[in-house]
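Numbering-wise (this note's numbering), the sequence shown opens with residue 107 and increments by one. Virtual Cβ for every residue (Gly too), placed ideally from N, Cα, C. None of the values given here were measured: they were computed from a predicted structure.
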Amino acid sequence: MSLPSFEWPKGKRAAASFTFDVDAESGAIAHDAGFVNRMSLMSHQSYGPLVAMPKLLAMLNRQEVSATFFVPGFTAELYPDMVRRIVDEGHEIGHHGYLHEKTTDMSAAEEADMLDRGLEALDKVAGVRPVGYRAPWWEYNWQTTKLLHERGFLYDSSLLDGDAPYSFAGEGMDAGSLIEIPVDWALDDWEQYGYYPGWTGSGVIESPRKATEMWLLEAQSAHAGAGCFVLTNHPFISGRPSRLTALEELIVRVKSLEGMWVAPLEEIARHAQSVCADIYRHRRLVHPGPQPGQDRLLLNDAVLR
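This is the structure:
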């Protein structure tokens with residue numbers, strides 16, 4: 107079954123959304139609980155909510171762009187004023203786990219608990235109940251769709267198999283569906299700028315000119331192909347001075363594309379919900395088992411070592 111075709115609102119030929127994962131300290135701590143003892147690393151992460159977010163919000167206000175901010179529950183509890191400011195300035199809050207957990211090994215019960223803790227934190231801090239979800243690390247599970255549907259979510263933005271939104275159902279779901287607004291690692295600032303010794307990155311931190319040139323080409327191609335350009339940024343990364351300047355220049359260029367609809371993900375998802383008649387079901391593969399020569403190759407590798 108192929109992904110369904112998609113139509114944009116009248117007068118629009120494509121869409122773009124600028125999204126921000128406000129991980130702050132949560133992503134690092136989820137990776138290694140001992141990182142709480144690395145003061146410099148914690149300061150690197152807190153740069154996002156403390157220094158970058160006011161500048162980012164001011165920039166978005168200048169450009170009259172409404173964005174989507176995916177906020178872990180733990181981040182919301184640490185920085186409640188920041189989360190409330192995001193809401194007050196007219197932006198969307200999305201769910202991004204509680205502690206930016208590694209979800210790949212979670213049972214359904216564990217994942218449900220994570221979702222509920224995140225929802226509770228965002229409600230308590232800012233009085234919001236998100237309709238959108240982005241899995242930490244974009245690691246979406248086969249059970250996630252059902253859990254999100256049970257909690258009333260409208261859309262997800264974690265999967266990487268499309269150029270435009272589509273409606274999909276999960277395993278064991280006879281009724282109901284979610285809207286997927288796909289992402290891509292090429293459109294994530296972490297791959298361009300993310301680096302911290304002993305935690306993440308190759309040590310190669312790209313020039314903002316190189317990164318935004320690539321992203322502009324992606325946006326132009328999405329525009330030409332009636333697609334959906336979704337850029338993922340992290341405030342502690344892209345809120346640094348030269349990167350923020352380049353990001354604003356990119357937003358100006360994307361907005362200038364004729365018929366490009368720049369909107370938060372919720373608005374795009376609600377339109378998708380109104381036009382997506384077909385429901386897609388992802389195919390779960392069965393592992394094919396050992397391949398010819400595999401055992402021999404493993405043995406040779408063991409001998410060589």
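Residue i versus the options, residue with shortest Cα-Cα distance
i	options	result
A232	V189, E207, A214	V189
E451	A317, Y272, H202	The requested residue 451 does not occur in the structure, where the chain is confined to residues 107 to 411.
M279	L254, E286, K118	L254
A215	Q249, V234, E195, P186	Q249
M366	T210, A325, Y301, F342	A325
D211	P271, A182, P242, D187	P242
E286	E170, L353, P115, V336	V336
P271	D229, H340, E372	E372
R315	Y261, L356, L391, Y301	L356
P236	K208, D219, H197, E217	H197
P160	G300, A182, D187	D187
G140	A332, E113, W305	W305
E347	I199, D269, V157, E195	A small correction: the amino acid at residue 347 is Pro; Glu does not occupy that position in the sequence shown. The shortest Cα separation from P347 among I199, D269, V157, E195 belongs to V157.
E354	P341, P394, M165, W114	M165
Which residues DSSP lists as bridging residue i, in chain order
i	result
C334	A121
G238	Y261
D127	F176
Y302	T306
W367	A121
Beta-carbon spacing of residue i, residue j below 8 Å
i	j	result
T251	A281	no
G154	G224	no
L350	W321	no
A130	S152	yes
A136	L221	no
D290	L266	yes
S273	S283	yes
A317	Q298	yes
F176	R240	yes
L163	R191	yes
Y301	I311	yes
T338	T181	no
A121	I374	yes
Q169	V381	no
L260	Q400	no
First through last residue of the alpha helix (DSSP H) which encompasses residue i
i	result
F342	341-344
Y299	295-299
V381	371-381
V360	347-361
K116	Where K116 is concerned, there is no enclosing alpha helix (DSSP H), given that its DSSP letter is neither H nor E.
P160	159-169
E256	250-256
S313	No alpha helix (DSSP H) contains S313, which DSSP labels as neither H nor E.
I135	132-137
Q151	145-153
Segment limits, beta strand (DSSP E) that includes residue i
i	result
A281	Run containing A281: none; DSSP gives neither H nor E here.
I385	385-387
Y272	272-275
Interface flag, residue i vs chain C, CB-CB below 8 Å
i	result
S123	Of the protein chains in the structure, only one exists, and it is not chain C.
Query raised in the report: Considering only residues of the segment 188-235, which uninterrupted beta strand (DSSP E) runs meet the minimum length of 3 residues and lie entirely inside it, listed in chain order?
Result: Complete beta strand (DSSP E) runs here, min 3: 198-201.
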